[in-house]
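Scroll down for the structure; my scribbles are underneath it.
Structure, rendered in structure tokens:
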């Protein structure tokens, strides 16, 4: 409910990009208005998405695709500025897509398969993303074995949802300040799935240790290390320091199909798409380097 969401985020400075999906009312409309957005009509709603093609691409060789999802209350155009991967797309030669969530009580959201009575959303976002992949494949030359999903906050939840319910089309996922929801009866991945996670230990919106409404980061780590048969202990660890900021790195695996799980624990980090000044390294580059190792069959 709105009241429960307010209690969870009490004391946090809220911007549209800092909110997360919990539950409100039925999806009542499509949130729109992104400049330069493309339109896909899905179930009677004109769903928007922003697509960026790398500069200099010849249009003939198949390109990988990165789907990047905004958080609750966010818009694709704003998220493209906040989590801007366009220069990286030019450098690494991939197509970049920022989809737009539909409205929950007037706020954009992703319906990431919240289980139970609190989920009041009826948005068919998994089907929308599947149709969006089809739409992109019809209009651009893409590598269907190299479609990756990442997102911030509620967008991270959406990435986990795709790994569970659309994994026959998604090669790897990344979650930035997101969480995996507790629906083991719904999560049914079709293949071993590489996962990369960035999360702050002082996240007041989606706490690192979880709370009564959301699972912990350890829940996601445990689920995917078990499913991918990566082992219970990390095979590699490291510590990065950037002034007073410390990032603890753990890598699990390789396991089935030589996939891995990488965790970046940002000590005293908040609820952000972390930038270089915080981490001391480029999150976007690290995210892409991880994705680039895999296709839908595992290690390339």
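Numbering (the numbering used here), first residue to last: 34 to 333.
Glycine included, C-beta positions come from ideal geometry on N, C-alpha and C.
Reference residue i, options the options, closest by Cα
i, options, result
"residue 249", "97, 190, 130, 81", "190"
"residue 229", "306, 211, 294", "294"
"residue 328", "180, 195, 141, 92", "180"
"residue 307", "213, 186, 206, 76", "186"
"residue 264", "277, 289, 278, 246", "289"
"residue 112", "160, 184, 280", "184"
"residue 85", "122, 95, 253", "122"
"residue 88", "103, 125, 76", "125"
"residue 167", "75, 266, 143, 244", "75"
"residue 258", "134, 93, 136, 291", "291"
"residue 312", "266, 287, 231", "231"
"residue 266", "278, 279, 251", "251"
"residue 220", "246, 159, 279, 276", "159"
"residue 207", "201, 215, 227, 214", "227"
"residue 234", "135, 137, 301", "301"
"residue 137", "107, 129, 71", "107"
Exposure of residue i, with buried meaning 16 or more beta-carbon neighbours within 10 Å
i, result
"residue 299", "buried"
"residue 79", "exposed"
"residue 217", "exposed"
"residue 46", "At residue 46 the pLDDT is 34, less than 50, meaning the model places this residue with poor confidence; the figure from the coordinates comes in the next sentence. Answer is exposed; the Cβ neighbour count stays below 16."
"residue 101", "buried"
"residue 203", "buried"
"residue 322", "exposed"
"residue 320", "buried"
"residue 156", "buried"
"residue 59", "With a pLDDT of only 39 at residue 59, under 50, the local geometry of the prediction cannot be trusted, and the value read off the model is given with reservation. Answer is exposed; the Cβ neighbour count stays below 16."
"residue 314", "exposed"
"residue 309", "exposed"
"residue 272", "exposed"
"residue 105", "buried"
"residue 94", "exposed"
"residue 81", "buried"
"residue 333", "exposed"
"residue 277", "exposed"
"residue 135", "buried"
Beta-carbon spacing of residue i, residue j below 8 Å
i, j, result
"residue 145", "residue 115", "no"
"residue 236", "residue 303", "yes"
"residue 165", "residue 73", "yes"
"residue 317", "residue 118", "yes"
"residue 343", "residue 225", "Outside the displayed range of the chain (34 to 333) lies residue 343, so it cannot be described from this structure."
"residue 297", "residue 282", "yes"
"residue 90", "residue 141", "no"
"residue 22", "residue 133", "As displayed, the chain neither begins before 34 nor continues past 333, which places residue 22 out of reach and without an answer."
"residue 222", "residue 260", "yes"
"residue 143", "residue 77", "no"
Cβ separation of residue i and residue j, assumed to be a contact under 8 Å, to the nearest whole Å
i, j, result
"residue 284", "residue 268", "6 Å"
"residue 127", "residue 98", "7 Å"
"residue 67", "residue 109", "5 Å"
"residue 199", "residue 162", "6 Å"
"residue 253", "residue 212", "7 Å"
"residue 83", "residue 131", "4 Å"
Contact test: residue i Cβ vs the ligand SAM heavy atom, cutoff 7 Å
i, result
"residue 222", "You won't find the ligand SAM in this model; it holds no ligand whatsoever."
Any C-beta of chain B under 8 Å from that of residue i
i, result
"residue 218", "Although the question refers to chain B, the structure presented lacks it and comprises just one protein chain."
Output the residue ranges of the beta strand (DSSP E) runs that lie fully inside the region 159-188 and measure 3 residues or longer, sorted by chain position. When DSSP assignments are scanned along the region 159-188, the uninterrupted stretches of beta strand (DSSP E) that are 3 or more residues long and fall wholly within it turn out to be 175-185.
So within the region 187-243, which uninterrupted alpha helix (DSSP H) runs reach at least 4 residues, ignoring any that extend past its ends? Runs found: 187-198.
Within the region 301-327, ranges of the alpha helix (DSSP H) (whole runs, at least 4 residues): Within the region 301-327, the complete alpha helix (DSSP H) runs of at least 4 residues are 309-312, 316-324.
Could you tell me which uninterrupted beta strand (DSSP E) segments, each at least 3 residues in length, are contained entirely in the region 108-143, listed from first to last along the chain? For the beta strand (DSSP E) assignment, the uninterrupted runs of no fewer than 3 residues enclosed by the region 108-143 are, from N- to C-terminal side, 128-132, 135-137, 140-142.
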